[in-house]
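Okay, here's the thing in structure tokens:
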């Protein structure tokens, strides 16, 4: 069943009402994406105020992304059933409540819980907003332009998050990075019912509750095991958590293959272009998350910049991500999706490799050039992924497909912090100070605990080595994904969307 408001007169492939509605839709997308990265610059301040341990610091950053990833498919399916606009507005309310609790947190545990609540709310916003585009813009050309705008908000939000955080931290306390969400959400809640159509798919089968439970039971223990190993080394706790998580993921896949109304439609992955797009978003977001997080620490704790100065240096990447997200449709129309993906992943890889030029005594130029070049690739790649997700399925499956697409984005972001971020942390903690001791905790904790310049320099050098290892591996993964696409997708220009 589809319920839609009457359309205004058509202009340039879409109604005026649809384009105003799109302006409202990108607001929650921008917020959800920003809140993935807005804490990167705030973490040093948070460390001083709330005193989280190394594991708690990672959970403050990651619990949001992992609940997003764990629930996006669920919420995509739920939106198909109860109505995408209704779910969008419910999610905005939950997200706002979580933002208030996060801003008022008095200890790390409270902040982790608040970020979890924000993740639950955020998981309703992304699939609802993207799948509504397929309803609002039936014209292929208009839909492609709308998806470009949507992706610019998503990718640009991740890039601009640290900048917004830096500006707010320069003038207000750290909780302001969450309260900035409230006026934007208020606009959505007021304007959404008037500008956005309601859409429900004609799904009548049962809801896959078991799939929801198994997906979360697989993702969270697996991530916990990775984080535990990065902080405390391999032990029985990590072994048990990792084994349980992987077993639950295996059960999840087996369950989805035999259930009549699966949470995750694995048949979508039989489409090669769709499957490779999902792989590209996963690898792309892993590398972008690691790059943004590690360089935020580098700019503040190694080069000694305050949050605002560090934020200003992030502007070139934010600009290239935004511009090339908007330009992606025209670029890929000329190159074709196959070449578009290869070029995008190649540019992102070059940008990550350029970060090998950063150092304790210089190399900010390498960050500026590398992040800007990487932004070109991320902008094109993420826009392509979103277009493929919407155009590869019929409208009644748009919620599930976009849920899977956005899950790959958010899971990639969280895995980038958990895997590549933990790898950088592991390299740092295996560094040796001038008196032969290994570093414990975070770089900020080590620097704050001593006045010995030799120890500080050694810690900074060890951290930079960790950044080199993590971003170098990210570059390798991006190249590998580009090679896989080149080998599997046919050499065909302007493939059908």
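Numbering (the working numbering), first residue to last: 92 to 588. Cβ atoms here follow ideal geometry from the backbone N, Cα and C, with glycine treated the same way.
query: So, helix, strand or coil for residue 314, using DSSP?
result: Here residue 314 refers to the residue found at position 223 of the chain shown. The answer is helix: DSSP assigns residue 314 an H, G or I state.
- request: Under 6 Å Cβ to Cβ from residue 417, same chain only, skipping five residues before and after it: list those, please.
  value: Working through the chain shown from its first residue, we reach residue 417 at position 326. Cβ-Cβ distances below 6 Å link residue 417 to 239 and 243 in the same chain, with the five nearest sequence neighbours on each side left out; the list follows chain order.
- request: Using only alpha-carbon positions, find the residue among 383, 281 and 350 that is nearest to residue 463.
  value: Counting from one through the chain shown, the residue named residue 463 turns up at place 372. With distances taken between Cα atoms, residue 463 lies closest to 383.
- prompt: Tell me which same chain residues have a C-beta within less than 7 Å of the C-beta of residue 467, skipping the five on either side of it?
  reply: The count along the chain shown starts at 1 and reaches residue 467 at position 376. Contacts found: 411, 415 and 438.
Residue environment, residue 284, which counts as buried when at least 16 other CB atoms sit within 10 Å: The sequence position of residue 284 within the chain shown is 193, counting from 1. Counting Cβ neighbours within 10 Å, residue 284 comes out exposed, since fewer than 16 surround it.
message: Can you tell me whether residue 531 is buried or exposed? The criterion is at least 16 other CB atoms within 10 Å of its CB, across all chains shown.
response: Here residue 531 refers to the residue found at position 440 when the chain shown is read from its first residue. Exposed.
query: For residue 327, does the count of other Cβ atoms within 10 angstroms reach 16, so buried, or fall short, so exposed?
result: Within the chain shown, the letter at position 236 stands for residue 327. Exposed is the call here.
message: Alpha carbons only, please: which of 165, 267 and 117 is nearest the one belonging to residue 191?
response: Within the chain shown, numbered from 1, the residue matching residue 191 stands at position 100. Closest by alpha carbon: 267.
- prompt: When you compare only the Cα positions, how much space is there between residue 100 and residue 159?
  reply: As a working mapping, residue 100 is identified with position 9 in the chain shown. As a working mapping, residue 159 is identified with position 68 in the chain shown. Caution applies to residue 100, whose pLDDT of 39 falls short of 50 and renders its modelled position unreliable; the value that the coordinates give is listed next. Residue 100 and residue 159 have their C-alpha atoms spaced approximately 37 Å apart.
message: When you compare the CB positions of residue 123 and residue 232, do they come within less than 8 Å of one another, or not?
response: Residue 123 sits at position 32 when you count from the first residue of the chain shown. Residue 232 sits at position 141 when you count from the first residue of the chain shown. No, these two residues do not count as a Cβ contact at 8 Å.
- prompt: Can at least three beta-carbon pairs, one atom from the stretch 363-380 and one from the stretch 564-577, be found at a separation below 8 Å?
  reply: Touching, yes.
- prompt: So who's on the other strand from residue 529, going by DSSP bridges?
  reply: Numbered from its first residue, the chain shown carries residue 529 at position 438. According to DSSP, which records beta bridges pairwise, residue 529 is partnered with 523.
task: Could you pull out every residue in the same chain whose Cβ sits closer than 7 Å to the Cβ of residue 401, ignoring the five residues on either side in sequence?
output: As a working mapping, residue 401 is identified with position 310 in the chain shown. So the list reads 132, 257, 387, 390 and 391, once near-sequence residues are dropped.
- prompt: DSSP state of residue 196, grouped into three classes?
  reply: Reading the chain shown from its first residue, position 105 is the one you call residue 196. It is coil, neither helix nor strand.
task: Can you tell me which of 208, 555 and 506 puts its alpha carbon nearest to the alpha carbon of residue 521?
output: One-based indexing of the chain shown puts residue 521 at position 430. Per the C-alpha coordinates, the member of 208, 555 and 506 positioned closest to residue 521 is 555.
query: Going by alpha carbons, who is nearest to residue 288 out of 345, 222, 369 and 459?
result: Locating residue 288 in the chain shown gives position 197, counting from the first residue. For the options 345, 222, 369 and 459, the alpha carbon positioned closest to that of residue 288 is the one of 222.
message: Using CA atoms only, rank isn't needed, just tell me which of 526, 180, 236 and 429 is closest to residue 364.
response: On the chain shown, position 273 is the one that residue 364 refers to. For residue 364, the closest of 526, 180, 236 and 429 by C-alpha to C-alpha distance is 429.
query: Which whole-angstrom value is the C-beta distance of residue 380 and residue 272, which I expect to be below 8 Å?
result: In the chain shown, counting from the first residue as 1, residue 380 sits at position 289. In the chain shown, counting from the first residue as 1, residue 272 sits at position 181. About 20 Å separates the two Cβ atoms, so there is no contact after all.
task: Within 10 angstroms of the Cβ of residue 252, are there 16 or more other Cβ atoms? Answer buried if so, exposed if not.
output: For this step, residue 252 is matched to residue 161 along the chain shown. It counts as buried.
query: Candidates 206, 474 and 162: which alpha carbon is nearest residue 129's?
result: Residue numbering aside, residue 129 sits at position 38 when the chain shown is read from its first letter. If we check each option's Cα against that of residue 129, 206 comes out closest.
task: Using a threshold of 8 Å, state whether the C-beta atoms of residue 183 and residue 280 are closer than that.
output: In the chain shown, the residue the question calls residue 183 occupies position 92. In the chain shown, the residue the question calls residue 280 occupies position 189. For the 8 Å CB-CB criterion, residue 183 and residue 280 form a contact.
field: Per-residue burial, residue 547 [other beta carbons within 10 Å of its own, 16 or more giving buried]
entry: As a position in the chain shown, residue 547 is number 456, starting the count at 1. When all chains shown are included, residue 547 counts as buried.
- prompt: Buried or exposed: where does residue 263 fall if 16 or more other Cβ atoms within 10 Å of its Cβ makes it buried?
  reply: Locating residue 263 in the chain shown gives position 172, counting from the first residue. Result: exposed.
- prompt: In terms of residues, what are the limits of the alpha helix (DSSP H) holding residue 382?
  reply: Mapped onto the chain shown, residue 382 falls at position 291. Note, residue 382: alpha helix (DSSP H), 363-388.
task: Compute the beta-carbon to beta-carbon distance between residue 495 and residue 311, rounded to the nearest angstrom, for a pair I have assumed lies under 8 Å.
output: The count along the chain shown starts at 1 and reaches residue 495 at position 404. The count along the chain shown starts at 1 and reaches residue 311 at position 220. With a Cβ gap of about 19 Å, residue 495 and residue 311 do not count as contacting.
- request: Note the first and the last residue of the continuous alpha helix (DSSP H) segment covering residue 144.
  value: Walking along the chain shown from the start, residue 144 turns up at place 53. Here residue 144 belongs to no alpha helix (DSSP H), and DSSP marks it neither H nor E.
message: In whole angstroms, give me the CA-to-CA distance for residue 218 and residue 176.
response: The residue given as residue 218 occupies position 127 in the chain shown. The residue given as residue 176 occupies position 85 in the chain shown. One alpha carbon belongs to residue 218, the other to residue 176, and they sit about 11 Å apart.
query: If residue 515 sits next to residue 558, beta carbons under 8 Å apart, how far is it from one beta carbon to the other, in whole angstroms?
result: The sequence position of residue 515 within the chain shown is 424, counting from 1. The sequence position of residue 558 within the chain shown is 467, counting from 1. The beta-carbon distance between residue 515 and residue 558, rounded to whole angstroms, is 6 Å. This is short enough to meet the 8 Å contact definition.
message: Please tell me whether residue 119 and residue 220 are closer than 8 Å, where the distance is taken between their beta carbons.
response: Indexing the chain shown from 1 puts residue 119 at position 28. Indexing the chain shown from 1 puts residue 220 at position 129. In contact: residue 119 and residue 220 (Cβ atoms closer than 8 Å).
- prompt: Roughly how many angstroms lie between the CA atoms of residue 575 and residue 167, to the nearest whole one?
  reply: As a working note, residue 575 is residue 484 in the chain shown. As a working note, residue 167 is residue 76 in the chain shown. In this model, residue 575 and residue 167 are separated by some 28 Å (Cα to Cα).
Residue 552 to residue 126 span [Cα, whole Å]: Translated into the one-based positions of the chain shown, residue 552 becomes position 461. Translated into the one-based positions of the chain shown, residue 126 becomes position 35. Roughly 29 Å separates the two Cα atoms.
task: Tell me, to the nearest whole angstrom, how far the beta carbon of residue 368 is from that of residue 360; I am working on the premise that it is less than 8 Å.
output: The residue you call residue 368 lines up with position 277 of the chain shown. The residue you call residue 360 lines up with position 269 of the chain shown. Between residue 360 and residue 368 the Cβ distance is about 10 Å, and since that is not below 8 Å, they are no contact.
- prompt: Straight-line CA distance for residue 157 to residue 502?
  reply: Numbered from its first residue, the chain shown carries residue 157 at position 66. Numbered from its first residue, the chain shown carries residue 502 at position 411. Rounded to whole angstroms, the separation of the alpha carbons of residue 502 and residue 157 is 6 Å.
message: Which same chain residues end up closer than 6 Å to residue 585 when comparing Cβ atoms and leaving out the 5 residues on each side of it in sequence?
response: As a working mapping, residue 585 is identified with position 494 in the chain shown. Its pLDDT being 48, under 50, residue 585 is placed unreliably by the model, and nothing is read from it.
task: Would you decide whether residue 456 is buried or exposed? Buried here means 16 or more other CB atoms lie within 10 Å of its CB.
output: Translated into the one-based positions of the chain shown, residue 456 becomes position 365. Classification for residue 456: exposed.
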